[in-house]
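To start, the structure under review is shown below, and the notes come after it.
Chains as they are written, first to last, in the working numbering: chain A, 34 to 373; chain B, 21 to 380; chain C, 698 to 965.
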């Protein structure tokens, strides 16, 4: 029954439905060893990103947030099989289809956690931008490519772009590299930028500046899907938040409403610890007891039930459908059934 | 942890037939080496000069068209018009092949005297499974005894090279500074000496009439003296990066001594490399011993090693006349190939990214 | 008398030398730090990567020798002690490291890891060590059954509990916590923070809490020091530093980590 319910969870959004560019429904990623299923990394993820919208996808290690992002770019490892649909504008794709790869770079840009690994250390930025522009936009003219590269670097706020282009990745500071990465991801003029933990390797002050840049880019109309483990950060900068737990999307909603009136017990637990830290009241922090489950040992039913303070009898059997206990918040929790 | 690795290795064997064959081949060779006296029908020095270069004996199952016990024929040495040896079967004389027969005495596992052999044809006849050498000694028996030298020299040699390489590399990487510089320059000096020539030069410096046991250990020492340097360099590099890990800082805070940190924290964490190194460098030792013995500088007759068995195959006319004297070379080939295949598999298992180069 | 005091503590690393071996390029990782730790307090030390906070921790732990300056523990100078005599002080100053998957030897069992300090620094018998290890595991909330397991078989939170237990069994006075929660999952961080606070009260511990997370430092610390380029540019009671920062670097940090939406939300 949980499967049937899971299917019905992809109901169209009521808020801002019209301008959703990317809509990921019932995404699943399973890993196979030979022909036997090793584990189910993502069971049911649902995300949508609108034009000019910044969406934060938060979750802990092993919740499937990074794999979901890779899946929608068609970048999952060979041992993985994906299910579900990915809608980009009016086109719908099967999650496993080859056609998805065409979106990559041109319609959906991607930036990674560690910019040093994504930039090629033996080529100057100029050359890397030239290649990207030739491949993604068909710009073969050197001078044209140079002008466009300067514009791109200028757009991400990298100062003295002419000079930076002549440099190699190792000659840039961490913040500059991350900006260069973002500029490179924008080379194909995508509508959507997927950023996987874009600032985890950076210091707090740099992180803030990159977040400001994302905000600016979003205001210019770019849709941004930011994947992060840092709920307070995501809450601060995003328009909408998607909370993942052990392969499932458990709560989705506007950032402000979700932080003010979180409905899922997991979100509540995370926010309770976080806001207790911000309250500066010394005492013990409210905690979510127990351990983060690995995808190999996911509890049955709702995977959060062993740690949940509002656990009911049915929680270990069936994963709940989405309820809407508070307008705009979609919460997959049996305890919210009466409210929604 | 070890158990898990073993099970993974078992899984690899099941999927990879070549690997399974290599493992089986090594197991068989070591079994032969361990029980050489039992497996071989004769003592390695049991000669019969009347049967010099006796060809491999066929094992017959039929006598006069009737199925009988497996047996061998008796052959008589004659010379043809070119004065070449020809062994012709003697009519009516047959020797039954029997299992678990009594024969030459040997020491079983170095513990007790034994006379029991896996197979044989009794005292009247002779069986040459793989032919005989110039003095009529059974090549099969000599290969079995030779395995004792050839198959162990790599194990012992690698063990010694590991001991020095790990310790010296570990110390070099952990302390750094002038100790590191000193050790690194020393390893470089060892490494620039062409190994085989050093082997020859050193062997020439010692009396040629040493007994085989002493030569055996001498070869091991020389080979591992050449082998440790390359290992020490890689271990040093690994330790250099390992010592920056937080668990080393933690061990210092917990009061661990330098010796404890090197031997218990750092070196065990290089295991994924040195296990592979060991299995891949064993062929070098086998080949090194074979080469020395082939040149007459290693194990001396009457003792057998695969290298000195090949001495007889050094002239092309002998090979033309008695091709079976090349068979020991096939055993060297099989052992070296098997070790390389197993080493490759271990590398895939333990550290897929690690690049390993063979030494020697 | 303060528990630990440093005066003008400095550590310079020589990056390049000329042909005569004279240093031509020096990194001043720690450059004149005066620090006092009072008994049973939590001093938070915050700074961005490369500010020298980890080097400072390693100086206090005796892993590195200072280039200049002094360290006093309970009034006695300890920075120049020979290794043998410093070992006797080791149980008093212990540490919990950032990433438990890095700071535990993957080839040691959990029991061996926790007992390592006892093995090196005490003359306890094997049986006594095992008893103390189990005691320590119990105090940090680890089931005794995992003593024979290896780090990779544990969750991140359990691994960090092992890291804490291994310091705790030595009955230290001062524990240096170097980013003890930043490698952990968000829902596990709060568990570890609470554990650290409990242990501090039970054992009257003193903490030097090193982190890049100013919010967490503000929450947990009695006093805060802000470190920039090897120097401590601001030091004061946590509330004061958080509400009325004097140094521009502190202000920039505070601004960068402000999370108004979460801070403003009232816990449900």
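Beta carbons are placed, not taken as given, at the ideal position from N, Cα and C, and that holds for glycine.
Remember, it's a predicted structure, so these values are computed and weren't measured experimentally.
Query: Can you tell me whether DSSP reads residue 760 of chain C as helix, strand or coil?; Result: coil
Query: If residue 176 of chain B sits next to residue 301 of chain B, beta carbons under 8 Å apart, how far is it from one beta carbon to the other, in whole angstroms?; Result: With a Cβ gap of about 13 Å, residue 176 of chain B and residue 301 of chain B do not count as contacting.
Query: Check whether the Cβ atoms of residue 75 of chain B and residue 166 of chain B lie closer than 8 Å to each other.; Result: no
Query: So residue 803 of chain C is in the beta strand (DSSP E); what residue range does that whole segment cover?; Result: Counting along the chain, residue 803 of chain C falls outside any beta strand (DSSP E), and DSSP gives it neither H nor E.
Query: Between the C-alpha atoms of residue 380 of chain B and residue 111 of chain B, what's the straight-line distance to the nearest angstrom?; Result: Note that residue 380 of chain B scores a pLDDT of 31, beneath 50, so its modelled location is shaky and nothing firm can be said.
Query: Just by C-beta distance, which residues in the segment 273-303 of chain B are closer than 9 Å to chain C?; Result: 273, 274, 275, 276, 277, 280, 284, 285, 288, 289 and 291
Query: Under a CB-based cut-off of 8 Å, is residue 184 of chain B close to chain C?; Result: no
Query: When we look at the beta-carbon of residue 296 of chain A and count the other beta-carbons within 10 Å, is it buried (16 or more) or exposed?; Result: buried
Query: 8 Å is my cut-off, CB to CB: does residue 814 of chain C come that close to chain B?; Result: yes
Query: Could you check whether residue 242 of chain B and residue 260 of chain B sit closer than 8 Å to each other, using their CB atoms as the reference points?; Result: no
Query: Which residue's Cα is closest to the Cα of residue 298 of chain B: B:276, B:237, B:235 and B:183?; Result: B:183
Query: Are the beta-carbon atoms of residue 313 of chain A and residue 904 of chain C separated by less than 8 Å?; Result: no
Query: Does the CB of residue 946 of chain C have a neighbour CB from chain E at under 8 Å?; Result: Here chain E cannot be found, since the structure's protein chains are A, B and C.
Query: Please report the straight-line C-alpha distance between residue 265 of chain A and residue 271 of chain A, rounded to a whole angstrom.; Result: 10 Å
Query: Using 8 Å as the limit for Cβ to Cβ distance, is residue 738 of chain C near chain A?; Result: no
Query: Looking at residue 76 of chain A: is its Cβ nearer than 8 Å to the Cβ of residue 274 of chain A?; Result: no
Query: Taking 8 Å as the cut-off, does the segment 741-749 of chain C touch the segment 920-935 of chain C (at least 3 CB pairs, one atom from each stretch)?; Result: yes
Query: Counting only beta-carbon atoms, is residue 267 of chain B nearer than 8 Å to chain C?; Result: yes
Query: Below 8 Å on the Cβ atoms is my guess for residue 142 of chain B versus residue 92 of chain B; work out the distance and round it to an integer in Å.; Result: Contact doesn't hold; Cβ gap of about 10 Å is too wide.
Query: Closer than 9 Å, Cβ to any Cβ of chain B: which residues of the segment 895-913 of chain C, in chain order?; Result: none
Query: Where does residue 355 of chain A sit, in a helix, a strand or coil, going by DSSP?; Result: coil
Query: Taking residue 251 of chain B as the reference, give the member of B:216, B:275 and B:207 with the closest Cα.; Result: B:207
Query: Please report how far the alpha carbon of residue 189 of chain A lies from the alpha carbon of residue 226 of chain A, in whole angstroms.; Result: 13 Å
Query: Just to confirm my understanding: we take residue 200 of chain A, look at its own chain, exclude 5 residues before and 5 after, and list those with CB closer than 8 Å. What are they?; Result: 157 and 158
Query: Within the 8 Å Cβ cut-off, does residue 251 of chain A reach chain C?; Result: no
Query: What number of angstroms, rounded off, separates the C-alpha of residue 190 of chain B from the C-alpha of residue 777 of chain C?; Result: 27 Å
Query: What would DSSP say about residue 144 of chain B, mapped onto helix, strand or coil?; Result: coil
Query: Of the choices B:56, B:318 and B:287, whose alpha-carbon is the least far from that of residue 130 of chain B?; Result: B:56
Query: Taking 8 Å as the limit between beta carbons, can you name the residues of its chain near residue 240 of chain A, skipping five residues before and five after?; Result: 232 and 266
Query: So residue 345 of chain A and residue 368 of chain A are in contact, right, with Cβ under 8 Å, and what is the actual spacing, rounded?; Result: 6 Å
Query: For residue 65 of chain A, which three-state DSSP category applies?; Result: strand
Query: In this structure, how does DSSP classify residue 40 of chain B when only helix, strand and coil are distinguished?; Result: helix
Query: Give a yes or no on whether the minimum CB-CB distance between residue 44 of chain B and chain C is below 8 Å.; Result: no
Query: If distances are taken between C-alpha atoms only, which option among B:318, B:294 and B:324 comes closest to residue 364 of chain B?; Result: B:294
Query: Should residue 919 of chain C and residue 935 of chain C be called a contact, given that it needs their Cβ atoms to be closer than 8 Å?; Result: yes
Query: Along the chain, where does the alpha helix (DSSP H) that runs through residue 195 of chain B open and close?; Result: 159-195
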